[in-house]
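According to the numbering used here, the stretch in the sequence shown is residues 1190 to 1450, in order. The C-beta atom is built at its ideal place from N, Cα and C for all residues, glycine as well. Below: the structure, in structure tokens.
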Amino acid sequence: MENPVIQIQNLKKSFNHQEVLKGIDLEVNAGEVIGYLGSNGAGKSTTVKILCGVIRDFEGDIRILGHDLRQEDITIKKRIGYIPENAIMYEQLTPLEYLEFTASLYGITPDIARQKSTDLLELFEMKNFRNDRMLHFSKGMKQKIHILSGLLHNPDILFMDEPLNGLDANAVIMVKEMISQLSKEGKTIFYCSHLMDIVERISTRIILLNEGQIIANGAVEILKQQSGSSSLENLFSKLTGQTDSTEKAEKIIHVFEKKNQ
Ligand SMILES: Nc1ncnc2c1ncn2[C@@H]1O[C@H](COP(=O)(O)OP(=O)(O)OP(=O)(O)O)[C@@H](O)[C@H]1O
1190 MENPVIQIQN LKKSFNHQEV LKGIDLEVNA GEVIGYLGSN GAGKSTTVKI LCGVIRDFEG
1250 DIRILGHDLR QEDITIKKRI GYIPENAIMY EQLTPLEYLE FTASLYGITP DIARQKSTDL
1310 LELFEMKNFR NDRMLHFSKG MKQKIHILSG LLHNPDILFM DEPLNGLDAN AVIMVKEMIS
1370 QLSKEGKTIF YCSHLMDIVE RISTRIILLN EGQIIANGAV EILKQQSGSS SLENLFSKLT
1430 GQTDSTEKAE KIIHVFEKKN Q
């Protein structure tokens, strides 16, 4: 039986009189891995920020895990995890301190927080850095900490905005595997990315957003068949109107060359 955990009706959002989301209708069931795709500026991050309660001013109705987002955002926040695209972290803290702090916000007891944080840091190959300040950590090291802090409280829905940014090949494989295992446990993953090959492999459903509207919604294989596309990348280009990329690249190079003469 279907069990919708995200229900969005006619979601609209404007910034400075520019309508960025133009009436999104969407239902997501428990256990789905949603690949939320779209060109730069399509409105993906805005959608995720609204669903996670970061942007509170929007039009339309949203229910998460059966709760109205406007009325019960704290109840919802306890049960979702959010890994933002450009998260700010307290870099003066060490990974262990940061994860324990995050855990305390979710009411996890200090003993359990210490154990969980230590285990997760070891699994993410960050054990040797657990007591170093994060100030000089590389992008990928910081991203690992963001991922862990989003997962620490065992959320039912995980929102991830470009979560693989900066991760090395081994970490990417591990996160992909983790997503598929979480989904098998019934967790729902809502995932924004431009990495088409990865999205194609891990998503159970693709939602394609174009200029604030959903223009495709379905399983990768079905969408590819329907549109006669050989890959998700090809489908993306077809539906978002970027089929002339070779010609465009030539024109861009031509402009550069002109300037140098
Ligand atoms: N706080 C804000 N104030 C004004 N405009 C905003 C704000 N946040 C987003 N926008 C605008 O909303 C539009 C959608 O932005 P959004 O970040 O949701 O796109 P995106 O699909 O996530 O893009 P990308 O793939 O580049 O990350 C863009 O035109 C952006 O400039």
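Same chain, Cβ closer than 8 Å to VAL1364, five either side skipped, listed in chain order: Taken in chain order, the residues that qualify are ILE1336, PRO1352, LEU1353 and LEU1356.
Does the Cβ of THR1291 have 16 or more other Cβ atoms within 10 Å, making it buried, or fewer, making it exposed? Around the beta carbon of THR1291, 16 or more other beta carbons sit within 10 angstroms, so the residue counts as buried.
Under the three-state reduction of DSSP, which class applies to LEU1356: helix, strand or coil? coil
Between the Cα of GLY1224 and those of GLU1374, LYS1305, ILE1368 and GLY1401, spot the shortest distance and give me the residue it belongs to. ILE1368
Presumed contact (8 Å Cβ cut-off) between PRO1284 and PHE1318, rounded CB distance: Yes, PRO1284 and PHE1318 are in contact; Cβ-Cβ is about 6 Å, under 8 Å.
From ILE1251 to LYS1233, what distance separates their C-alpha atoms? 16 Å
From the DSSP secondary-structure annotation, give me the bridge partner or partners of LYS1202. LEU1210
Just to confirm the assignment, what range does the beta strand (DSSP E) spanning GLU1248 have? 1248-1253
Tell whether a beta-carbon distance below 8 Å holds between GLN1196 and GLU1221. Result no, Cβ atoms of GLN1196 and GLU1221 do not sit closer than 8 Å.
On a Cα-Cα basis, can you pick out the residue from SER1228, ILE1253, ASN1199 and LYS1447 that is closest to MET1385? Nearest neighbour of MET1385 by Cα position, chosen from SER1228, ILE1253, ASN1199 and LYS1447, turns out to be SER1228.
Is the beta carbon of GLU1280 closer than 8 Å to that of ARG1322? yes
Write down the C-beta distance between THR1236 and LEU1258 rounded to the nearest angstrom, noting that I regard them as a contact closer than 8 Å. So it is not a contact: roughly 12 Å between Cβ atoms.
At a cut-off of 7 Å, would you count THR1235 as near ligand 1, judging by its Cβ distance to the nearest heavy atom? yes
Could you tell me the boundaries of the beta strand (DSSP E) in which ASP1350 lies? Its beta strand (DSSP E) spans residues 1346-1350.
What alpha helix (DSSP H) runs, 4 residues minimum, are completely inside the region 1302-1390? 1328-1340 and 1358-1373
Report the residue from ASN1399, GLN1260 and ILE1269 whose alpha carbon sits nearest the alpha carbon of GLY1230. ASN1399
For LEU1421, does the count of other Cβ atoms within 10 angstroms reach 16, so buried, or fall short, so exposed? buried
Among SER1327, HIS1256 and LEU1340, the one whose alpha carbon lies nearest that of GLU1289: LEU1340
For VAL1409, the first and last residue of its enclosing alpha helix (DSSP H): From DSSP, the alpha helix (DSSP H) with VAL1409 extends over 1409-1416.
Would you mind reading off the limits of the alpha helix (DSSP H) that contains TYR1287? 1284-1294
Sequence-distant residues of the same chain with beta carbon closer than 6 Å to ASN1401, five excluded per side: In the sequence as presented, Asn is not what sits at residue 1401; that position holds Gly. So the qualifying residues of the chain are VAL1209, LEU1210, LYS1211 and GLY1232.
Got a sec? Which residues, its chain only, sit under 8 Å from GLY1169 by beta carbon, not counting five neighbours each side? Within the shown structure, residues of the chain are numbered from 1190 to 1450, placing residue 1169 beyond reach of any answer.
In angstroms with no decimal places, state the Cα-to-Cα distance between ILE1137 and THR1435. As shown, the chain starts at 1190 and ends at 1450. That puts residue 1137 outside it, with no answer to give.
Once the 5 residues before and after LEU1424 are set aside, which same chain residues still bring their CB inside 7 Å of it? LEU1412, LYS1413, SER1416 and SER1418
Contacts around PRO1344, its chain only, beta-carbon distance under 8 Å, and the 5 residues preceding and following it disregarded: ARG1268, ILE1269, GLY1270 and LYS1376
Which whole-angstrom value is the C-beta distance of MET1330 and MET1315, which I expect to be below 8 Å? 7 Å
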